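2 protein chains.
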Amino acid sequence: MTSKIGKRATIRDVAKAAGVSIKTVSRVFNDEPNVRSEIREKVRHVGQKLNYHPNVAARNLARRRSHLIGLFFENPSPAYVTELQMGALKRLRGTGYRLLIFPVENRADIRGAMVSTVYASGLDGVIVTPPMCDDPVILDELLSSHLPFVRVAGDNSIDKTASVIIDDEAAAFDLAEYVLRLGHRRIAIVIGDETHRSAGLRLMGFRRALRTAGIEPEPAMEIQGAFTFQSGLEAGRRLLHHANRPTAILASNDDMAAGVLQAAHELRIPVPQKLSVVGFDDTALAKMVWPQLTTIRQPVFEMAERATDILLRQIETGTAPETAKLSYDLVIRFSAGEAPTG
Amino acid sequence: MTSKIGKRATIRDVAKAAGVSIKTVSRVFNDEPNVRSEIREKVRHVGQKLNYHPNVAARNLARRRSHLIGLFFENPSPAYVTELQMGALKRLRGTGYRLLIFPVENRADIRGAMVSTVYASGLDGVIVTPPMCDDPVILDELLSSHLPFVRVAGDNSIDKTASVIIDDEAAAFDLAEYVLRLGHRRIAIVIGDETHRSAGLRLMGFRRALRTAGIEPEPAMEIQGAFTFQSGLEAGRRLLHHANRPTAILASNDDMAAGVLQAAHELRIPVPQKLSVVGFDDTALAKMVWPQLTTIRQPVFEMAERATDILLRQIETGTAPETAKLSYDLVIRFSAGEAPTG
DNA sequence: TTGAAAGCGCTAACAT
DNA sequence: ATGTTAGCGCTTTCAA
Numbered sequence: 001m002t003s004k005i006g007k008r009a010t011i012r013d014v015a016k017a018a019g020v021s022i023k024t025v026s027r028v029f030n031d032e033p034n035v036r037s038e039i040r041e042k043v044r045h046v047g048q049k050l051n052y053h054p055n056v057a058a059r060n061l062a063r064r065r066s067h068l069i070g071l072f073f074e075n076p077s078p079a080y081v082t083e084l085q086m087g088a089l090k091r092l093r094g095t096g097y098r099l100l101i102f103p104v105e106n107r108a109d110i111r112g113a114m115v116s117t118v119y120a121s122g123l124d125g126v127i128v129t130p131p132m133c134d135d136p137v138i139l140d141e142l143l144s145s146h147l148p149f150v151r152v153a154g155d156n157s158i159d160k161t162a163s164v165i166i167d168d169e170a171a172a173f174d175l176a177e178y179v180l181r182l183g184h185r186r187i188a189i190v191i192g193d194e195t196h197r198s199a200g201l202r203l204m205g206f207r208r209a210l211r212t213a214g215i216e217p218e219p220a221m222e223i224q225g226a227f228t229f230q231s232g233l234e235a236g237r238r239l240l241h242h243a244n245r246p247t248a249i250l251a252s253n254d255d256m257a258a259g260v261l262q263a264a265h266e267l268r269i270p271v272p273q274k275l276s277v278v279g280f281d282d283t284a285l286a287k288m289v290w291p292q293l294t295t296i297r298q299p300v301f302e303m304a305e306r307a308t309d310i311l312l313r314q315i316e317t318g319t320a321p322e323t324a325k326l327s328y329d330l331v332i333r334f335s336a337g338e339a340p341t342g
Numbered sequence: 001m002t003s004k005i006g007k008r009a010t011i012r013d014v015a016k017a018a019g020v021s022i023k024t025v026s027r028v029f030n031d032e033p034n035v036r037s038e039i040r041e042k043v044r045h046v047g048q049k050l051n052y053h054p055n056v057a058a059r060n061l062a063r064r065r066s067h068l069i070g071l072f073f074e075n076p077s078p079a080y081v082t083e084l085q086m087g088a089l090k091r092l093r094g095t096g097y098r099l100l101i102f103p104v105e106n107r108a109d110i111r112g113a114m115v116s117t118v119y120a121s122g123l124d125g126v127i128v129t130p131p132m133c134d135d136p137v138i139l140d141e142l143l144s145s146h147l148p149f150v151r152v153a154g155d156n157s158i159d160k161t162a163s164v165i166i167d168d169e170a171a172a173f174d175l176a177e178y179v180l181r182l183g184h185r186r187i188a189i190v191i192g193d194e195t196h197r198s199a200g201l202r203l204m205g206f207r208r209a210l211r212t213a214g215i216e217p218e219p220a221m222e223i224q225g226a227f228t229f230q231s232g233l234e235a236g237r238r239l240l241h242h243a244n245r246p247t248a249i250l251a252s253n254d255d256m257a258a259g260v261l262q263a264a265h266e267l268r269i270p271v272p273q274k275l276s277v278v279g280f281d282d283t284a285l286a287k288m289v290w291p292q293l294t295t296i297r298q299p300v301f302e303m304a305e306r307a308t309d310i311l312l313r314q315i316e317t318g319t320a321p322e323t324a325k326l327s328y329d330l331v332i333r334f335s336a337g338e339a340p341t342g
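Note that the protein sequences, when read in sequence, are chains A and B. Residue numbers for the first sequence follow full-length UniProt numbering, so the first one is 1 and each next one is one higher. Residue numbers for the second sequence follow full-length UniProt numbering, so the first one is 1 and each next one is one higher.
In structure tokens, the structure reads:
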């Protein structure tokens, strides 16, 4: 109310009004030392009165830092994406860094344009998720640009980059083993989008579990999906119309498991009495469908939080890229039961 | 590869290398007229060779614009939030503006801090969603700050602000009327979070429909929810354990409807044979539950897109705040059927 | 503990 | 069609 209409107060206005130099004002607003508390208070007070807010662009220019982090994702599941965002944001809280979101519709669009986008937005660093973070072209581009970046849930065989993962293969193995232990012998899998490295790893874990139990994986029991509900629904229909249909279906994520569940409902096949269905991720959706999904809890929120932590360290202190592997859990709910007899 | 390591090329480097003034380089990189195509090409080429990318902070400082839009929301439903984001982003594509997300956990935290947050992030404008956009304190703060802002899905009785809405009252009326026409007489409602204006409007529409049909609304048939799945589940349980339980339940959003559905499943009440359940919003979740929800389609994506459009116009040309009312649709799926006889 | 001066890298206004 | 000169509002030396 004190400042002129249409014109924000600058550091100079505050300096003049407080009778100090602009450097002192700068010190105060950046919590730097070497200012008498008396003056500090005075400056703060004048700043308040003038409704002074440091100009972000000017500060960014002088500091050579935008305090902007970009989150790049493709959108297979709203619940998953939300977890990612909230996890990243949690770590960012109180740091002065902000989160910019970049949903990518078509990977081809971003290939070769990733770094330009980062420059055009002035990002200090980026968080990249599958499938982009496993795309060799994109990875190369990122690597040679020397931009700080971190990968979430990507391929764990690439270790020269910062990344946070879980052991997808082992998790899928455990999940399949659980289903096997319930007595199922005829088990199908709905595979995730093949450009996601995790989809392949989960398939491998599934197969290994079957082989370990003395069952040879059967092509007809491996249906390609795309990590979407719709693809799960379609895969479920195909699988359940099969002459010799499976007694258990393992979906590579919860959205597809929900789709399979819907296919079962359509065909009036009771779950888990006649059919067991399990998911992967334990997103919010897992509890919203009926019956609630037995699934693998992938700590997406924590992974994003941790990834952001690693990224921030890279940006601020230029440390070498770190890697972290978080643990998963088997969450037993009500969508899987003992194999039907006969 | 041509530029020195660790130092980005500046406009001056390009100008020197291309043998022109920095202003010409600026013209080329901003697609301004008055540059011979010959020179234009030369500058572009040199820019590429030097791996030149205009410095965003410098540009922002000179232009007095950050090209940053903030989206403030509270997170009742992941699917809803994702729609909002995607809608806003669609309009932003190609404009050079970026989207910053601000999930608000606790409204009290943001009350009185909204404008500071905007300044601290250097936002050019903000998109605000319920319930924040209906909070008088927050609205006042925004209004007196003269920051460009637009409200999505807020209270339609406030018309001096830019906003995009649907007619929640009429939509709820139509939805209830549809259920009444199916022969239901004992109809309950799960009310949304009361701090959302839309929750109240939907309740009013529901009541009006009942009265129009000659039914007096009954307190026991109006249960308070919070727009979350869990609150819908709990409300459903209460309603269905009721001695004289309803034959139809109207939930104020899809997440709560999914919760009600789950309660029905728990109690082995067949939907829609013995119980009809309808939702509101038509988010992605509506199709993922069983049976798929009959619901009101609120065009969240389009609303966000439109709101962003209005906001951009305010920012760029300083036009007066506009208002838009979009239409809703009744989407008939499989969760509501004729009232059970007897 | 404080301040003056010199940038940060760009665009705007105004020549030419 | 092109260039020159001031800023934009901060932070960073470096001096006092």
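C-beta atoms are modelled at their ideal positions from N, C-alpha and C, and glycine is treated no differently. What you are looking at is a predicted structure, and each value in this text was computed from that prediction instead of being measured.
Contacts that residue i makes with chain B (C-beta to C-beta distance below 7 angstroms)
{"i": "A/Ile101", "result": "Gln85, Leu99, Ile101"}
{"i": "A/Met256", "result": "Simply none; closest approach about 11 angstroms."}
{"i": "A/Ser335", "result": "By Cβ distance, chain B contributes nothing, its closest Cβ being about 12 angstroms from A/Ser335, past 7 angstroms."}
{"i": "A/Asn106", "result": "In chain order: nothing, as chain B lies at least about 12 angstroms away."}
{"i": "A/Tyr119", "result": "His53"}
Distance CB(residue i)-CB(residue j) smaller than 8 angstroms
{"i": "A/Leu182", "j": "A/Gly337", "result": "yes"}
{"i": "A/Phe206", "j": "A/Ala176", "result": "yes"}
{"i": "B/Ala251", "j": "B/Val277", "result": "yes"}
{"i": "A/Arg208", "j": "A/Asp168", "result": "no"}
{"i": "B/Ala248", "j": "B/Val331", "result": "no"}
{"i": "B/Ala15", "j": "B/Val25", "result": "yes"}
{"i": "A/Ile191", "j": "A/Gly125", "result": "no"}
{"i": "B/Leu100", "j": "A/Arg98", "result": "yes"}
{"i": "A/Ala153", "j": "A/Ile296", "result": "no"}
{"i": "A/Leu84", "j": "A/Leu92", "result": "no"}
Burial state of residue i, where buried means 16 or more other Cβ atoms lie within 10 Å
{"i": "A/Lys287", "result": "buried"}
{"i": "B/Met1", "result": "Unreliable positioning characterises B/Met1 in this predicted model, as indicated by a pLDDT of 33, which lies under 50. A coordinate reading is not provided."}
{"i": "B/Gly112", "result": "exposed"}
{"i": "A/Thr294", "result": "buried"}
{"i": "B/Glu234", "result": "buried"}
{"i": "A/Pro78", "result": "buried"}
{"i": "A/Pro33", "result": "exposed"}
{"i": "A/Gly214", "result": "exposed"}
{"i": "residue 365 of chain A", "result": "The displayed coordinates of chain A run from 1 to 342. Any statement about residue 365 of chain A would go beyond what the structure contains."}
{"i": "B/Lys4", "result": "With a pLDDT of 38 at B/Lys4, under the threshold of 50, the predicted position of this residue should be treated as unreliable, though the coordinate-derived value follows. Counting Cβ neighbours within 10 Å, B/Lys4 comes out exposed, since fewer than 16 surround it."}
{"i": "A/Thr319", "result": "exposed"}
{"i": "A/Ala9", "result": "buried"}
{"i": "B/Arg151", "result": "buried"}
CA nearest to the CA of residue i, picked from the options
{"i": "B/Val300", "options": "B/Thr10, B/Gly70, B/Ala88, B/Thr24", "result": "B/Ala88"}
{"i": "A/Ser116", "options": "A/Ile138, A/Pro130, A/Thr95, A/Arg98", "result": "A/Ile138"}
{"i": "B/Phe102", "options": "B/Arg91, B/Arg93, B/Thr129, B/Thr95", "result": "B/Thr129"}
{"i": "B/Arg65", "options": "A/Val56, A/Ala62, A/Leu71, A/Arg65", "result": "A/Val56"}
{"i": "B/Lys274", "options": "B/Pro246, B/Thr95, B/Gly154", "result": "B/Pro246"}
{"i": "A/Asn75", "options": "A/Asn30, A/Gly318, A/Ala226", "result": "A/Ala226"}
{"i": "B/Ala120", "options": "A/Phe334, A/Ala162, A/Arg211, A/Asn51", "result": "A/Asn51"}
{"i": "residue 345 of chain A", "options": "A/Leu285, A/Ala18, A/Arg185", "result": "For chain A, the structure presents residues 1 to 342; residue 345 of chain A sits outside this window and is missing."}
{"i": "B/Ala324", "options": "B/Ala172, B/Ala58, B/Thr308, B/Val43", "result": "B/Thr308"}
Contacts of residue i in chain A (Cβ-Cβ under 7 angstroms)
{"i": "B/Gly122", "result": "Val56, Ala57"}
{"i": "B/Ala79", "result": "Pro78"}
{"i": "B/Leu285", "result": "Met288"}
{"i": "B/Asn60", "result": "Ala57"}
{"i": "B/His265", "result": "Trp290"}
The beta strand (DSSP E) enclosing residue i, as first and last residue numbers
{"i": "B/Lys90", "result": "Premise fails: B/Lys90 lies in the alpha helix (DSSP H), 78-92, not in any beta strand (DSSP E)."}
{"i": "A/Ala284", "result": "That residue, A/Ala284, is in no beta strand (DSSP E); it is neither H nor E in DSSP."}
Any non-hydrogen atom of the ligand FAD within 7 angstroms of residue i CB
{"i": "B/Pro33", "result": "This structure simply doesn't include the ligand FAD, nor any ligand for that matter."}
Chain A residues whose Cβ lies nearer than 8 angstroms to that of residue i
{"i": "B/Ser66", "result": "Val56, Ala57"}
Interface partners of residue i on chain A, CB under 9 angstroms
{"i": "B/Phe229", "result": "Ala284, Lys287, Met288"}
8 angstroms Cβ cut-off: residues of chain B touching residue i
{"i": "A/Thr323", "result": "Going along chain B, no residue has its Cβ under 8 angstroms from A/Thr323, so there is no contact; the nearest lies around 25 angstroms."}
{"i": "A/Thr82", "result": "Asn75, Pro78, Val81, Thr82"}
Residue range of the alpha helix (DSSP H) that includes residue i
{"i": "A/Asp109", "result": "107-110"}
{"i": "B/Leu123", "result": "Careful: B/Leu123 lies outside any alpha helix (DSSP H) and carries neither H nor E."}
{"i": "B/Asp329", "result": "Unbroken run through B/Asp329 is the beta strand (DSSP E), 329-331; no alpha helix (DSSP H)."}
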